[in-house]
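Engineer: Dumping the structure here so I can ask a few things about it.
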Amino acid sequence: MLNSSLVAASIGLLALGLPSSVSQLTTAEGAVENRIGSLQIRVDSAFSEPLVAQSTASERYDRLSDRLVAELRQLHPDIVDVRGSASIALLDDGSEFITWSPAITLRSGLSLEQQQAITQQVAIWVAQFQRSSEGSLFPLTPTYSGYGSILLFVKYEDAASTPYVDNVSYRILGRDPVAVEVSLNINTDEGRESTVIGRIQAGEFIALDPDQPDPAVEAEELVALGQSQLDDGNWSAAQQSLEAAVNIYRDLPDNEQEFQALSRLITAYEKLGAAPNIKVALQRQAVLAEAMQDPLALRRVGIEFQCTEQWDAALATDQKALAIYRRNRPDEASPTNSFTVDMELATLANMSQTLIKANRFAEAEQTLLTALDLLDSVLAAPIPGLQVDDVELDEQISRFADYYTSPVSSNNLYLMLQRVFIAQGRTDEALVVAERGRTQALEEVWAIKQAGERLPDFALADIQAIARSQDATVVTYSFSTVVDRCTGDLASPELLTWVIQPTGDIHFHKQPIEFSAIATEPDDISNLVQGTRTSLGARGLTIVAANPESLSAPPVQDQPYLQLLNRLLIEPIESHLSANPNDHIIFVPDFVLFMAPFPALQDDEGRYLIEKHTLSSAPSIQALALTAQARQRSLPARANPLIVGNPIYAPISLLGRPPITLPPLPGAEQEALTIADLLGTEPLIRADATKQAILETIEDASLLHFATHGFLDGVALDTPGAIAVAQSQDDASVVLEYPNFIRYLSDDGLIRTQEILSFRLQANLVVLSACNTGGGELTGDGVTGLSRAFIAAGVPSVIVSLWAVPDAPTGELMATFYEEWLAGADKASALRLAMLDTLEKYPNPVNWAAFTLIGETQ
């Protein structure tokens, strides 16, 4: 560390070699109090630049820049060049605010002391110029990059030997009143050293006195000591150390460091049970955060107020953060420029949770509706230059919407509003909100892929109309649970179930989630679903061949997991389900229920659900409106089917895993040949089933059937899921030619979810007769994997598997499905008949219950 006394001792103005130039310059332009003894220099209206409108902003900028350069050149004979660097901010009123940070070039050969003395004086001069030319040191609308910004760059005529001054930077300590810390940054052989040389307070630059200890250093040491005492459990000593540090930071002042020290002090108060002290400390933090105009700090205090049940204080603090975000919101926010909107939404979510905890449901409702209107406006904003294959933007939209529909997010706007409606007994409105939330991300991606087809506002009548149009009973589930910001825990979960009958009648059921004692008792719904899958023998990523024992095993009459899941999901609503097994039931699961094997759910008499009902599923009720649109423009199944089976696999590299070689699937090859024969086409099998061959024809295909390996995870961080295919012989790139451009994709043997999203498809049906193709990241609108990607790309119906399906039974099941469907049965009925047929030969549900039909049944 450089000696701070050396820095401070060398900055007297007389040492600059300017006997009168600085004084003459400043007094000629305006009153500047230059008290050399204490080195307090007034940073006030030192220049007479009138704050009047110029003909254009650029003319004003050019004139000021020219004057800045000219006057800095005259400030000292060792300044050999000056460049006028600045950044421009556009304020709320449309005016510009310029932050000046010029670069001076010093002659070589100056000692470090001379460099420091000249640099400090120039920095003071620049601060004077900034204040006089712009009216204040910083924009009235704060930016989020005020910390560590550069006030002055320093260059040298020739390469300077270390140590040498590199720049002068500032850190905003407070905005009301303005307080700024100024630091010299010096390059040495060991790296960069930063030394605080003074502060600007109330318009004065106050240099550090080299003969006095730096109080900031003392406070920093006290904070470190206090943290150590906290770690050791010495609460009282930590309180004393941290209170002393807080007092020093308050006297300086240093708002940011005082805020941070108070956070540690609050921890000590919590350990000591000093509730009144906590309240006072939080109130002080709120004052500091507002003075810094730091919305993140304000939100942090708002959460603490919420956690200590100071409802009004929490709301007032969040409201101040909200005002800052709104001041900085883009005129037309979209997913590509949504940072401040993202933070605004999070703040509104914070306020909503406070109001819910305070049982102020009417206010919570209005706050949440405001947030949802804002979210809708962002996602609906036009995006210039958008291309159909803009995959990255698709992912941005999905992530942006998913964040607010994640069932394990404390920011879940829709779940909170659902909870507000349920608390007020408004169950029909809660259903509309639940559906709107789980459809959000899918609908936004759909709107990009199918231009001009954004759905209108969704209401209860639309839900009833969809049930009537589908001629089906729709069963939608939702977990009433929100993550508590204070504890990180989930609120006590309840399962909400709505049954919408074909007549439009709606039945609501609410129940706590309780578990009966079984051999391996699950402690939550996720473990129950996983336990159910495990009990069936449903296995993971690379299991592709049938277990011979499972193929011949008789049906198990007592399946506790399947029966427990049936008691939770089916028994409470069974009286509202049709007794006719040919009548359709469409399940709209929530969260982990997307992975539940509904066909295999078993009643107390041992009957499977597929034996009693014709089943399908959907990501949401509103998604059925999207798939109905897609069905109207899809091609007839026999028009141009594309069948893929048993590709020859190159080694596959998944994220964070060594390459794997996938085994061949002879049963899948036979499956592809059988289905292709039924459809009157030739399949792509073995070496012919390349990514190039598939993607060249995928947009013209009337039906897509993939009998191959599929992957749930390990493919991409944001868009899980992929289908394994063959590579081209040259192992180069997939080249797709379009009328106006050529597209290149990696030929690595995987067709990824994000690649599927970039196409507009006309297929009537996609069948993913592969392992794990139904999986993905669980979000509010379902599984964000392959199934949603195909629906977003325009496919009305998708059949996927929920686990690694056995090879031989799958081939037979699929052959039966196509025979029934092509003979005239609807897709759901054909799949049911195929499952029942397979059940007769392969009784264990692992062999037949993995498949689910998503979307249209016709």
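518 is the number that my numbering gives to position 318 of the sequence shown; each next residue is one higher, with no gaps. For glycine and all other residues, C-beta sits at the position ideal for the given N, C-alpha and C. If you're wondering where the values come from, they're calculated on a predicted model, not measured in any experiment.
#1: Flag this pair as touching only if the stretch 613 to 631 and the stretch 793 to 801 have three or more C-beta atom pairs under 8 Å; answer yes or no.
#2: On the DSSP letters alone, give me the boundaries of the alpha helix (DSSP H) that VAL578 sits inside.
#3: What separation, rounded to the nearest whole angstrom, lies between the Cα atoms of GLU418 and TYR449?
#4: Please classify TYR944 as buried or exposed, where buried requires at least 16 other C-beta atoms within 10 Å of its C-beta.
#5: Taking the alpha-carbon of ILE713 as reference, which of ILE725, GLN412, PRO702, HIS707 has the nearest alpha-carbon?
#6: Could you tell me if ASP981 is buried or exposed, where buried requires 16 or more neighbouring beta carbons within 10 angstroms of its beta carbon?
#7: Taking C-alpha atoms, which residue in ASN846, ALA779, VAL632 lies nearest to GLN870?
#8: With DSSP as the reference, identify every bridge partner of PHE787, one or two as the case may be.
#9: Tell me whether PHE247 sits in a helix, a strand or coil according to DSSP, three-state version.
#10: Taking 8 Å as the threshold, find out whether the stretch 318 to 338 comes into contact with the stretch 350 to 358 through three or more Cβ pairs.
#11: Between GLY398 and ILE406, is the Cβ-Cβ spacing less than 9 Å?
#12: Is the beta carbon of LEU824 sitting closer than 9 Å to the one on GLN624?
#13: One question on the structure: do ASP790 and ASN840 come within less than 9 Å of each other, judged by their Cβ atoms?
#14: Can you give the Cα-Cα distance for ALA907 and GLN829, rounded to whole angstroms?
#15: If we count the other Cβ atoms within 10 Å of its Cβ and call it buried at 16 or more, is PHE539 buried or exposed?
#16: Could you pull the DSSP bridge partners for GLU847 from this structure?
#17: Where does VAL744 land, buried or exposed, given buried means 16+ other C-beta within 10 angstroms?
#18: How would you label ILE942, buried or exposed, when you count the other beta carbons within 10 angstroms and need 16 or more for buried?
#19: What ranges does the beta strand (DSSP E) occupy inside the stretch 368 to 415, keeping only unbroken runs of at least 3 residues that lie completely in it?
#20: Between the C-alpha atoms of LEU1039 and ALA872, what's the straight-line distance to the nearest angstrom?
#21: Any chance you could list the beta strand (DSSP E) runs of at least 3 consecutive residues sitting entirely within the stretch 423 to 481, in chain order?
#22: Quick one: which unbroken beta strand (DSSP E) runs of 3-plus residues sit fully inside the stretch 980 to 1054? Chain order, please.
#23: Using only the alpha-carbon positions, how far apart do LEU482 and LEU488 sit?
#24: Just checking, does the stretch 757 to 769 make contact with the stretch 995 to 1005 on the three C-beta pairs under 8 Å criterion?
#25: For ILE288, does the count of other Cβ atoms within 10 angstroms reach 16, so buried, or fall short, so exposed?
#26: Ignore the nearest five residues each way along the sequence and tell me which others in TRP1048's own chain have a CB closer than 7 Å to its CB.
#27: Going straight from the alpha carbon of GLN440 to that of ALA461, what length do you get?
#28: Can you check which of these residues, LEU826, ARG1032, LEU895, is closest to ASP783 by C-alpha distance?
#29: Please classify THR1057: does DSSP put it in a helix, a strand, or coil?
#30: Are three or more beta carbon pairs between the stretch 809 to 822 and the stretch 858 to 868 nearer than 8 Å?
#31: Tell me HIS709's beta-bridge partners as DSSP assigns them.
#32: Pull up the distance between the alpha-carbon of THR395 and that of MET551, whole angstroms please.
#33: Are the beta-carbon atoms belonging to LEU498 and LEU545 less than 9 Å from one another?
#34: Tell me, please, which residues DSSP counts as bridged to THR703.
#35: Assuming GLU532 and MET492 are in contact, meaning their beta carbons sit under 8 Å apart, how far apart are those beta carbons, in whole angstroms?
#36: Count the other CB atoms within 10 Å of the CB of ALA486; is the residue buried (16 or more) or exposed (fewer)?
Structural biologist: In short:
#1: no
#2: 561 to 579
#3: 10 Å
#4: exposed
#5: ILE725
#6: Low local confidence applies: a pLDDT of 44 at ASP981 is under 50, so the model's placement there is unreliable, with the coordinate-based value given in what follows. Result: buried.
#7: ASN846
#8: VAL675, SER817
#9: Low per-residue confidence applies at PHE247: pLDDT is 43, beneath 50, and the placement is therefore not dependable enough to give any value.
#10: yes
#11: yes
#12: no
#13: no
#14: 27 Å
#15: exposed
#16: The sequence shown places Pro at residue 847, rather than the Glu named in the question. Partner(s): ARG886.
#17: Confidence at VAL744 is low in this model, with a pLDDT of 30, below 50, so the placement of that residue should be treated as unreliable; the coordinate-derived value is given next. Answer is buried; the Cβ neighbour count reaches 16.
#18: exposed
#19: 378 to 388, 391 to 401, 404 to 407
#20: 21 Å
#21: none
#22: 997 to 1001
#23: 10 Å
#24: no
#25: exposed
#26: PRO1009, LEU1013, MET1035, THR1038, LEU1039, TYR1042
#27: 12 Å
#28: ARG1032
#29: coil
#30: no
#31: THR697
#32: 41 Å
#33: no
#34: Answer is none; THR703 lacks a bridge partner.
#35: About 29 Å; that fails the 8 Å criterion.
#36: buried
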